[in-house]
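Listed in order, the protein sequences are those of chains B and G. Per this note's numbering, residue 1 is the first one in the first sequence, and the count goes up by one each step. Per this note's numbering, residue 363 is the first one in the second sequence, and the count goes up by one each step. Beta carbons are placed, not taken as given, at the ideal position from N, Cα and C, and that holds for glycine. The next block holds one structure in the form of structure tokens; read it before the comments.
Number of protein chains: 2
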Amino acid sequence: MKKRMVQANSNGGSAHSQSAPAGGPQLPSSVTIMDVAREAGVSYATVSRVVNNKEYVKQDTREKVMQAITRLGYVANQQARSLAGGKSYVVGLLVRDLGSSYMGAIVSGVDDELSTAQYNLMLYTTHRRKTNERIYVNTLIQGMADGLLLILPRNPEAYLDTLNQSRFPYVLIDHQGLGDQVPAVGSKNWDGAYAATKYLIELGHRRIGFITGALELGAAIDRLAGYKAALIDHQLPIDPALIIEGTFFQPEGYSGARTLLNLEQRPTAIFASNDVMAFGVMEAVRDCGLRIPADISVLGFDDIDQASHVYPPLTTVRQPMQEMGRLAVKMLLERIKDPDRPVERVELPTTLIIRQSCQPPT
Amino acid sequence: MKKRMVQANSNGGSAHSQSAPAGGPQLPSSVTIMDVAREAGVSYATVSRVVNNKEYVKQDTREKVMQAITRLGYVANQQARSLAGGKSYVVGLLVRDLGSSYMGAIVSGVDDELSTAQYNLMLYTTHRRKTNERIYVNTLIQGMADGLLLILPRNPEAYLDTLNQSRFPYVLIDHQGLGDQVPAVGSKNWDGAYAATKYLIELGHRRIGFITGALELGAAIDRLAGYKAALIDHQLPIDPALIIEGTFFQPEGYSGARTLLNLEQRPTAIFASNDVMAFGVMEAVRDCGLRIPADISVLGFDDIDQASHVYPPLTTVRQPMQEMGRLAVKMLLERIKDPDRPVERVELPTTLIIRQSCQPPT
DNA sequence: ATGAAAGCGCTAACAA
DNA sequence: TTGTTAGCGCTTTCAT
Numbered sequence: 001m002k003k004r005m006v007q008a009n010s011n012g013g014s015a016h017s018q019s020a021p022a023g024g025p026q027l028p029s030s031v032t033i034m035d036v037a038r039e040a041g042v043s044y045a046t047v048s049r050v051v052n053n054k055e056y057v058k059q060d061t062r063e064k065v066m067q068a069i070t071r072l073g074y075v076a077n078q079q080a081r082s083l084a085g086g087k088s089y090v091v092g093l094l095v096r097d098l099g100s101s102y103m104g105a106i107v108s109g110v111d112d113e114l115s116t117a118q119y120n121l122m123l124y125t126t127h128r129r130k131t132n133e134r135i136y137v138n139t140l141i142q143g144m145a146d147g148l149l150l151i152l153p154r155n156p157e158a159y160l161d162t163l164n165q166s167r168f169p170y171v172l173i174d175h176q177g178l179g180d181q182v183p184a185v186g187s188k189n190w191d192g193a194y195a196a197t198k199y200l201i202e203l204g205h206r207r208i209g210f211i212t213g214a215l216e217l218g219a220a221i222d223r224l225a226g227y228k229a230a231l232i233d234h235q236l237p238i239d240p241a242l243i244i245e246g247t248f249f250q251p252e253g254y255s256g257a258r259t260l261l262n263l264e265q266r267p268t269a270i271f272a273s274n275d276v277m278a279f280g281v282m283e284a285v286r287d288c289g290l291r292i293p294a295d296i297s298v299l300g301f302d303d304i305d306q307a308s309h310v311y312p313p314l315t316t317v318r319q320p321m322q323e324m325g326r327l328a329v330k331m332l333l334e335r336i337k338d339p340d341r342p343v344e345r346v347e348l349p350t351t352l353i354i355r356q357s358c359q360p361p362t
Numbered sequence: 363m364k365k366r367m368v369q370a371n372s373n374g375g376s377a378h379s380q381s382a383p384a385g386g387p388q389l390p391s392s393v394t395i396m397d398v399a400r401e402a403g404v405s406y407a408t409v410s411r412v413v414n415n416k417e418y419v420k421q422d423t424r425e426k427v428m429q430a431i432t433r434l435g436y437v438a439n440q441q442a443r444s445l446a447g448g449k450s451y452v453v454g455l456l457v458r459d460l461g462s463s464y465m466g467a468i469v470s471g472v473d474d475e476l477s478t479a480q481y482n483l484m485l486y487t488t489h490r491r492k493t494n495e496r497i498y499v500n501t502l503i504q505g506m507a508d509g510l511l512l513i514l515p516r517n518p519e520a521y522l523d524t525l526n527q528s529r530f531p532y533v534l535i536d537h538q539g540l541g542d543q544v545p546a547v548g549s550k551n552w553d554g555a556y557a558a559t560k561y562l563i564e565l566g567h568r569r570i571g572f573i574t575g576a577l578e579l580g581a582a583i584d585r586l587a588g589y590k591a592a593l594i595d596h597q598l599p600i601d602p603a604l605i606i607e608g609t610f611f612q613p614e615g616y617s618g619a620r621t622l623l624n625l626e627q628r629p630t631a632i633f634a635s636n637d638v639m640a641f642g643v644m645e646a647v648r649d650c651g652l653r654i655p656a657d658i659s660v661l662g663f664d665d666i667d668q669a670s671h672v673y674p675p676l677t678t679v680r681q682p683m684q685e686m687g688r689l690a691v692k693m694l695l696e697r698i699k700d701p702d703r704p705v706e707r708v709e710l711p712t713t714l715i716i717r718q719s720c721q722p723p724t
């Protein structure tokens, strides 16, 4: 078993990859804490202390160890660490899919904050094979991860029980509707929609079309409510014909807009519940031979990257997606430290980003 | 300070969690292999055999154990398993960003295949803090993962050396340009571009605008080459004025198309090196008051979801992204099994998907 | 076919 | 301040 050629410290130039006869395990050359201890002439507990930045290590010793670590290229084995210490430095991320800028932005925030905290990210997508969900969450709980993040979960009730029972730390991202009793971060959808609608009204629009998101999601409901509230507050009627139900996908923006534009008294502005649908709206408007914003104003929600790249640049309600990811991680990390801390539910503010897709009606 | 109440195993029955005096780590109620062994009345080695589907277990015993497992809700602790067995059942995925359908599709394929193989996915994005990349890859190598997947890596040379030296299994996705000596999966970009251009030519187009991708990427180079080759093969001139350099982002599709449309002799068709840029082209065409495909034909590359959802639905070259992800995982898993197997480099075929954005010139 | 026992590499008491 | 020593939960020989 010792026939493996130990891959020597590949410092100096002479890297003779001996391509070991390799019968044994294909483990990469692994330098363990023991090797470092030997190299530095200390016990391996001391090395552990140095690695973990514990107190009670003479500065001198610390340096000696550090050098040995560098010299040997030692990197701690996470698995062992986790097994011994009870913490894996991994958090699980449960997502439906990853193809959208929306998800991309959130994940990017998550990832960023996680790496700052030296945590790793284990990704799980929901459309996975029908693995028994229970087993699945259990795996996570069973030491694979220290905490769990759920983005836009469709019916989290399934896991949440298990999670709560085992007091496993988790945070929901962009999900409302489960009361205050779950840790979650989202954004002020109602406020955002209200502000956007108000903006349109103040621009002079009186007939404002609205395309909803998937109404089983709290975010979609809140946006619709914000739209209605603004109308009411400005003594404008809520015309059901102007409200089209969508589910956050582009084709519905297109078809919704077609419907709206075919109305006898067509709207002068269309507010879509997310940017992607707004893009669909823009297409439809153009296909009808109308100009944006001269003939029709278009407004979106989210402010994904693309929003500023389409023509004309889309006026939209910015939701701080990256920030949401970041914050969720912060909250999760706190909960990992202390699972008993009171449940927090944060809603980040939204901002109306005015670009060029809206103008007063002509 | 240790007054925390230990949450006892909440299974029915008599699970006497010996409630270790240690009020220690707040690990969720964990059923270990020992508990199962006790419950089933066998040694824990036997339980291990059952769990790992090893031979030499009487059918009878196996069932007894299985039942105990179900009853207790046992799930193996991956960390321990990994530490003892030398395999982590985790593969790392190195990505630049996740906001695009393109990435989404590949990751979805990866994820799918991985879950079939009972593997977990550790996600790393490249825009992460400037963690020393060496340490970084080393962490992976050091037992965190059994293999590594790199999607569209920009300059993988940095890691590749380390990876190769430690004979750590990896596969590149959608990257060419490092010779045959690296395991990789991509697609036939040249073929796809050739076929698309040929299609346009056969439709009757003689002046075909082309917007390139980021030319430091092999895929972009190959697509351009395919376009040129088709032109040449059909005795058509290569007009530099018709070739606009882009980098795969939408705004370049827009601006590129504007440039093209302003040409004295403007093209009758525009072929963008990816769908996203094609969308930009579509916007520009419409903004110029022209119709697709009546006035200008537009053609893309990739066939991301959105391509079939825009209006008119985009004719494009389909690249089997999910399949690429899948295949990469298969190759990686093989290499994990046997790191010495010969290096493979696979290019999946592309398909021209004809929708409604092209027609003969009028 | 099953059990006993030796670690995997590390953290965290406990000694010294 | 440092060393010694239990395990963490599991896979794997090696016995039986």
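Neighbourhood of residue i by C-beta distance below 8 angstroms, restricted to the same chain and skipping five residues each side
i, result
"Leu720 (chain G)", "Note on identity: in this sequence residue 720 (chain G) is Cys, with Leu being the wrong assignment. Only Tyr561, Leu562, Leu565, Ala631, Pro655, Ser659, Val660, Leu661, Thr677 meet the Cβ criterion."
"Leu652 (chain G)", "Leu623, Ile658"
"Ala507 (chain G)", "Ser450, Val452, Val453, Gly454, Met484"
"Arg627 (chain G)", "For the sequence presented, residue 627 (chain G) should be read as Gln rather than Arg. So the qualifying residues of the chain are Arg569."
Cutoff 6 angstroms; reference residue i; Cβ partners in own chain excluding five residues on either side
i, result
"Lys228 (chain B)", "Ile238"
"Tyr254 (chain B)", "Gly280, Glu283, Ala284"
"Val6 (chain B)", "Low per-residue confidence applies at Val6 (chain B): pLDDT is 32, beneath 50, and the placement is therefore not dependable enough to give any value."
"Gln78 (chain B)", "none"
"Met396 (chain G)", "Tyr406"
"Thr713 (chain G)", "Arg680"
"Phe248 (chain B)", "Gly213, Ala214, Asn274"
"Val437 (chain G)", "none"
"Asn526 (chain G)", "none"
"Thr782 (chain G)", "Because chain G in this structure spans residues 363 to 724, residue 782 (chain G) falls outside the shown range and cannot be described."
"Pro349 (chain B)", "Lys188"
"Arg707 (chain G)", "Asp542, Ala546"
"Ala634 (chain G)", "Ile573, Gly615, Ala640, Val643, Gly662"
"Gln162 (chain B)", "According to the sequence shown, residue 162 (chain B) is Thr rather than Gln. Around Thr162 (chain B): Val137."
Bridge partner(s) assigned by DSSP for residue i
i, result
"Met484 (chain G)", "B:Met122, G:Gly454"
"Thr677 (chain G)", "G:Leu661"
"Ala272 (chain B)", "B:Ile211"
"Glu709 (chain G)", "G:Gly548"
"Ile513 (chain G)", "G:Ile535"
"Ile353 (chain B)", "B:Thr316"
Residues near residue i in its chain [Cβ-Cβ closer than 7 angstroms; skip 5 each side]
i, result
"Lys492 (chain G)", "Residue placement at Lys492 (chain G) is flagged as unreliable, the pLDDT there being 49, under the threshold of 50; the coordinate-derived value follows with that caveat. Once the five neighbours on either side are set aside, Lys492 (chain G) has no close Cβ partner at all."
"Leu502 (chain G)", "Gly454, Leu510"
"Lys692 (chain G)", "Glu475"
"Glu701 (chain G)", "Looking at the sequence shown, residue 701 (chain G) is not Glu but Pro. Here the set comprises Arg529, Pro531."
"Glu347 (chain B)", "Gly186, Ser187, Lys188"
"Ser17 (chain B)", "The predicted position of Ser17 (chain B) is uncertain, since its pLDDT is 32 and thus under 50; a value taken from the coordinates is nonetheless stated next. Within the same chain, Ser17 (chain B) has no close Cβ partners at all."
"Ser410 (chain G)", "Ile395"
"Leu625 (chain G)", "Ala603"
"His205 (chain B)", "Thr268, Ala269, Ser297, Pro361"
"Ala582 (chain G)", "Thr574, Gly575, Ala576, Ser635"
Residue i: CB within 7 angstroms of a non-hydrogen atom of the ligand FAD
i, result
"Tyr418 (chain G)", "With respect to the ligand FAD, the structure offers nothing, as it holds no ligand at all."
Going along the segment 281-297 of chain B in order, which residues come within less than 7 angstroms of chain G, judged by CB to CB distance?
Glu283, Arg286, Asp287
>> Quick test of the definition: if touching needs 3 or more C-beta pairs under 8 angstroms, does the segment 508-520 of chain G touch the segment 41-58 of chain B?
In response: no
- Between the segment 61-69 of chain B and the segment 419-436 of chain G, do at least 3 Cβ pairs fall closer than 8 angstroms? no
Closer than 8 angstroms, Cβ to Cβ, to anything on chain B: give me those residues from the segment 569-599 of chain G, in chain order.
none
>> Which complete beta strand (DSSP E) runs does the segment 218-263 of chain B hold, if anything under 3 residues is left out?
In response: none
- Query: What runs of the alpha helix (DSSP H), each 4 residues or longer, lie entirely inside the segment 158-203 of chain B?
  - Reply: 189-203
message: Using a Cβ-Cβ cutoff of 9 angstroms, what residues of the segment 234-264 of chain B are near chain G? List them in chain order.
response: Phe249, Gln250, Pro251, Tyr254
Inset, instruction - Enumerate, from N- to C-terminal direction, the unbroken alpha helix (DSSP H) stretches of 4 or more residues contained entirely within the segment 26-112 of chain B. - result: 33-40, 44-51, 59-72, 78-85
Exercise. If you measure beta-carbon to beta-carbon, which residues of the segment 458-472 of chain G are closer than 9 angstroms to chain B?
Worked result: Asp459, Leu460, Gly461, Ser462, Ser463, Tyr464, Met465, Gly466, Ala467, Val469, Ser470
Requested in this report: Could you list the residues in the segment 267-282 of chain B with a C-beta less than 7 angstroms from some C-beta on chain G, going in chain order?
Outcome: none
Taking a Cβ distance cut-off of 7 angstroms, strictly less, list which residues of the segment 439-456 of chain G are near chain B, in chain order. Asn439, Gln440, Gln441, Ala442, Ser444, Leu445, Gly448, Ser450
| Listed from N- to C-terminal order along the chain, which residues in the segment 139-159 of chain B have their beta-carbon within a distance smaller than 7 angstroms of any beta-carbon of chain G? | Thr139, Ile141, Gln142, Gly143, Met144
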